[in-house]
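Notes follow once the structure below has been shown.
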Amino acid sequence: MKYDITHTTKYTYSEAVPVCQNLVRLAPRSLPYQSCHHFQLLIHPEPFELDQRHDYFGNQVAYFSIEQAHMGLTITSKSEVEVHPIPNPEDIATPAWEEVVLQLKNGRTSETLDACQFVFGSPADHEQTALTEFARQSFPPGAQILAGVRDLTRRIFKDFEFDSQATTVHTPVEEVFENRRGVCQDFTRLQIACLRNLGLAARYVSGYLRTIPPPGKPRLVGADASHAWVSVFCGNAGWVDFDPTNNTLITTDHITVAYGRDFQDVSPIQGVIVGGGEHMLEVSVDVVPEGPPLR
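When we follow my numbering, the leftmost residue of the sequence shown carries the number 9, and every step to the right adds one.
Quick look at the structure:
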């Protein structure tokens with residue numbers, strides 16, 4: 009499946025901003041099942057400095073600064089991406105989850121050493137007895153890891169309500185767990201915390217999800233959105249991605265942008281400004297299958 013993706017973020021300020029500095033993670037990753045054929049970043053006003061690099065996790069990051077007074081900032085990324093079907097393993101072909109925990113503790117291969125960093129908690133993680141008990145219901149002794157993650161994904165989807173007004177990016181996982189509502193970011197953070205509390209490796213993935221309109225209804229331009237899901241290390245099966253918001257493994261409808269320990273590692277736009285007073289934020293994402301070339 010081929011996509012043309014346009015992601016626009018617009019800030020409007022009530023007072024002039026003399027200087028701002030930003031980090032941007034909007035370029036889709038190149039992966040075995042995904043190819044980014046073209047990426048373009050458009051910034052207005054024109055930045056004084058623009059530099060692109062890869063961060064510790066291999067995500068493409070752009071840094072820019074604007075050093076002139078401005079009343080607004082618009083960041084637009086345009087991407088051409090091709091996503092191929094992902095051959096996910098059968099549950100029975102994966103090891104017991106306890107074996108994966110031991111492999112992460114004792115393994116010395118480059119793959120397990122890389123995965124180990126996603127076992128340890130980050131500032132967004134919380135080791136809670138309630139979360140561990142909730143997770144253990146999906147991981148009885150000897151259960152294959154893929155079956156356990158699949159069941160935990162199903163239970164989060166079933167027990168938690170999608171509510172875009174219930175949380176912010178700063179809402180603690182404990183509050184999400186207690187209130188049983190949130191958005192994709194919350195369900196992803198919750199599932200990661202559950203898995204890490206068991207000693208498993210899980211990473212936060214940011215990207216896009218193609219939305220399909222009801223039969224007979226046109227696509228709404230800009231109605232697609234940034235999305236988040238979980239990638240779990242499954243031993244000899246490698247990394248397998250689950251979408252707890254939709255109770256599914258990722259498909260060719262998912263486009264991966266970045267991954268890290270938590271949202272802070274993959275935030276699409278991070279920055280600081282001087283002044284500006286009050287500001288308004290508008291975000292529009294358009295994921296168009298088989299669109300015309302962007303060049």
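Where a beta carbon is used, it is the ideal one built from N, C-alpha and C, also for glycine.
Practice prompt. Report back the beta-carbon spacing between Thr140 and Leu203 to the nearest angstrom; my notes put them in contact at under 8 Å.
Written response: Actually they are not in contact, since the Cβ atoms of Thr140 and Leu203 sit about 10 Å apart, beyond 8 Å.
Worksheet item: Distance, Cα to Cα, Leu217 vs Ala104?
Response: 31 Å
Fill in: Coil, strand or helix - Ile263 by DSSP
strand
Item to complete: Indicate whether Gly283 and Ala101 have their beta-carbon atoms separated by less than 8 Å.
Response: no
Discussion item. If I follow the unbroken alpha helix (DSSP H) through Ser118, where does it start and stop?
Written reply: 118-124
Discussion item. Short of 6 Å in beta carbon distance, which residues of its chain neighbour Leu81, apart from the five on each side in sequence? Order them along the chain.
Written reply: Tyr19
Worksheet item: CA-CA distance, Asp249 and Gln199?
Response: 12 Å
Worksheet entry | Alpha carbon of His52 to alpha carbon of Gln272, nearest angstrom | 24 Å
Worksheet entry | Cβ-based neighbour list, His45, same chain, cut-off 8 Å, excluding 5 preceding and 5 following | Glu88, Val89, Glu90
Fill in: Cβ neighbours of Trp237 in the same chain (closer than 8 Å, five flanking residues each side left out)
Cys192, Thr196, Val213, Gly215, Asp249, Phe250, Asp251, Pro252, Thr253, Ile258, His262
Fill in: Thr327 - containing beta strand (DSSP E), residue span
A query on residue 327 cannot be resolved here, the shown segment of the chain reaching from 9 to 303 and no further.
Item to complete: Name the residue from Met9, Cys28, Ile13 whose alpha carbon lies nearest to the alpha carbon of Ile277.
Response: Cys28
Worksheet item: What three-state label does DSSP hand Asn353 in the structure shown?
Response: There is no way to answer for residue 353, as the model of the chain reaches only from 9 to 303.
Item to complete: Check Leu50 in the structure and name its three-state DSSP category.
Response: strand
Worksheet item: Got a sec, what are the start and stop residues for the alpha helix (DSSP H) Asp194 sits in?
Response: 192-205
Practice prompt. Apply the 10 Å Cβ neighbour rule to Val274 and answer buried if 16 or more other Cβ atoms are within range, or exposed otherwise.
Written response: buried
Worksheet entry | Segment limits, beta strand (DSSP E) that includes Thr17 | 10-25
Worksheet item: Glu286 to Arg116, Cα distance in whole Å?
Response: 51 Å
Item to complete: Using three-state DSSP, classify Ala143 as helix, strand or coil.
Response: helix
Discussion item. I'd like the list of long-range same chain contacts for Gly150, defined as Cβ closer than 7 Å, with 5 residues on each side in sequence excluded.
Written reply: Ala104
Discussion item. Considering only DSSP beta bridges, list what Thr256 is partnered with.
Written reply: Asp251
Practice prompt. Would you give the residue range spanned by the beta strand (DSSP E) that Arg61 belongs to?
Written response: 57-62
Worksheet item: Is it the case that the Cβ atoms of Lys10 and Gln48 are separated by a distance below 8 Å?
Response: no
Worksheet item: Does DSSP put Glu106 in a helix, in a strand, or in coil?
Response: helix
Worksheet entry | Helix, strand or coil at Gln42 [DSSP, three-state] | strand
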